[in-house]
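Numbering (mature numbering (1 follows the signal peptide of the UniProt record, and there is no 0)), first residue to last: -24 to -1, 1 to 260.
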């Protein structure tokens, strides 16, 4: 619900730019309008009709209702890459996407040649949006930077517990009718997280949230990131390390929380994994 509310708040604000209505200022990310009046004038120039908003990858009903309550015509429709490239977005004033839709330079330019003025990303990452093309065409791009933080933190914890306790393997065995007893079952016992060391590759919102819940389980926490906030790390009790090699050498478990970029692609491989202590070889 918290994630849905965050998306709804942003979509109401987003729609207000198109329709010219007033919304209360909220913490909706860096792109919230300091100069809202000037931007509204730019976006709404010549818009004397109901704004049309396309949703390509689905959206919470609360968010859709918020858009409709604000006066938008909401259309839910998936588009192929060919349709996007041929200008399918040109008939819409705004589009809200998730990760399934990729907006390349051709799709954005074709849309901007028509009515398209705003791109909303119902999520955090904007790597599926060509930001240079959006900027060059005068489009505004909004995302929901904190909407999914708690969900991803909880999912990370679930994966840590599943890996350390060998849950996938044990579950498969149980479904196959295999109920092993010691010593044959020893390989499936797993290990406790308490007392182990968790390494975080990246130290943004999600990694910080993971560090807090992992600390509550009794884990030691290390992290590395070129932009890590030393004060936040100290407040949580996280030890900052200089690089990925030092992180993998020190940690029994590692969780990756950095954006996929040309610099980070294929960052984790055999070299780093081989540096981990033997007690981290359970696949965590």
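Glycine included, C-beta positions come from ideal geometry on N, C-alpha and C.
Pairwise C-alpha distance: residue j and residue i
i: residue 149; j: residue 172; result: 27 Å
i: residue 130; j: residue 207; result: 24 Å
i: residue 101; j: residue 236; result: 9 Å
i: residue 71; j: residue 49; result: 12 Å
i: residue 116; j: residue 27; result: 15 Å
i: residue 82; j: residue 52; result: 22 Å
i: residue 127; j: residue 231; result: 15 Å
i: residue 95; j: residue 244; result: 32 Å
i: residue 196; j: residue 209; result: 12 Å
i: residue 194; j: residue 254; result: 20 Å
i: residue 37; j: residue 44; result: 10 Å
i: residue 91; j: residue 202; result: 40 Å
i: residue 205; j: residue 241; result: 23 Å
i: residue 103; j: residue 76; result: 11 Å
i: residue 276; j: residue 86; result: Nothing can be reported for residue 276: it is not among the residues displayed for the chain, which extend from -24 to 260.
i: residue 174; j: residue 189; result: 11 Å
i: residue 187; j: residue 63; result: 44 Å
CB-CB length for residue i against residue j, believed under 8 Å
i: residue 226; j: residue 214; result: Contact flag wrong, Cβ pair sits at about 12 Å.
i: residue 60; j: residue 30; result: Not really, about 11 Å apart at Cβ, beyond 8 Å.
i: residue 84; j: residue 106; result: 6 Å
i: residue 98; j: residue 74; result: 5 Å
i: residue 251; j: residue 221; result: 6 Å
i: residue 180; j: residue 142; result: Incorrect: roughly 30 Å between the Cβ atoms, too far for contact.
i: residue 137; j: residue 169; result: 7 Å
i: residue 233; j: residue 176; result: 6 Å
Span of the beta strand (DSSP E) around residue i
i: residue 187; result: Element bounds for residue 187: not the beta strand (DSSP E) but the alpha helix (DSSP H), 181 to 192.
i: residue 70; result: 70 to 73
Opposing strand residues paired with residue i [DSSP bridges]
i: residue 216; result: 199
i: residue 229; result: 174
i: residue 116; result: 94
i: residue 43; result: Answer is none; residue 43 lacks a bridge partner.
i: residue 100; result: Answer by DSSP bridge pairing: none, since residue 100 is not bridged.
i: residue 265; result: As displayed, the chain neither begins before -24 nor continues past 260, which places residue 265 out of reach and without an answer.
i: residue 105; result: 79
Where residue i falls, given that 16 or more other Cβ within 10 Å makes a residue buried
i: residue 151; result: exposed
i: residue 108; result: exposed
i: residue 69; result: buried
i: residue 184; result: buried
i: residue 25; result: exposed
i: residue 93; result: buried
i: residue 229; result: buried
i: residue 249; result: exposed
i: residue 125; result: buried
i: residue 56; result: exposed
i: residue 266; result: For residue 266 there is no data in the structure shown, the boundaries of the chain being -24 and 260.
i: residue 110; result: buried
Residue range of the alpha helix (DSSP H) that includes residue i
i: residue 249; result: 246 to 249
i: residue 148; result: 143 to 151
i: residue 133; result: 125 to 140
i: residue 156; result: It is not in any alpha helix (DSSP H) - residue 156 carries neither H nor E in the DSSP assignment.
i: residue 84; result: 81 to 88
i: residue 57; result: 57 to 61
Closer than 7 Å to chain B by CB, residue i
i: residue 121; result: The displayed structure is made up of one protein chain only, and chain B is not part of it.
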